[in-house]
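J.:
In my numbering, the protein residues as written are 1068 to 1203.
1. Using 8 angstroms as the Cβ pair cut-off and three pairs as the minimum, do the stretch 1130-1146 and the stretch 1162-1175 touch?
2. Suppose the cutoff is 8 angstroms on Cβ atoms and the five residues either side in sequence are ignored; what does the same chain contact list for residue 1108 look like?
3. Please name the residue in 1168, 1202, 1179 whose C-alpha comes closest to that of residue 1050.
4. When you compare the CB positions of residue 1200 and residue 1180, do they come within less than 7 angstroms of one another, or not?
5. Pick from 1121, 1112, 1114, 1135: whose alpha carbon is nearest that of residue 1192?
6. Out of curiosity, what's the CA-to-CA distance linking residue 1136 and residue 1124?
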């Protein structure tokens, strides 16, 4: 009887460990909003980026700043990325927990920029509420 209990405990422990390991693996494969935004910037993909745009977004391109509606922000970003095809984007700094920010070097066909973006928790999701493209 003791042997049976020991075998059952070992099997139960193995099953629990297997579930814990598989759950941890799945979580590491799922990208969050921050990673999605970085990926969209690397591709110059406004469609993917626009999924995270807040209702009002502040965009600053080379010192020209304004607050735009989500629809206007999409147009501004499409225009920027059509004139500046992305060559590379290197994230050099990131931070925050509830709100997240990223700062990186964006190399495009139209020049090099220091790009900053800010994601803020709003309701149950993260929204992109500011993008800054500064000439380097």
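Note that CB positions come from ideal geometry on N, CA and C, so glycine has one too.
As the structure is a computational prediction, the values presented were derived from the model and not from experiment.
T.: In terms of the structure at hand:
1. no
2. On the chain shown, residue 1108 is found 41 positions in, with the first residue counted as 1. 1116, 1153, 1156, 1171, 1173, 1182, 1184.
3. Lying before the first or after the last residue shown, residue 1050 is absent from the chain, which here runs from 1068 to 1203.
4. Against the chain shown, residue 1200 aligns to sequence position 133. Against the chain shown, residue 1180 aligns to sequence position 113. Yes; because the gap between Cβ atoms is below 7 angstroms, this pair is in contact.
5. Within the chain shown, numbered from 1, the residue matching residue 1192 stands at position 125. It is 1121 whose Cα lies nearest to the Cα of residue 1192.
6. Counting from one through the chain shown, the residue named residue 1136 turns up at place 69. Counting from one through the chain shown, the residue named residue 1124 turns up at place 57. C-alpha separation (whole angstroms): 6 angstroms.
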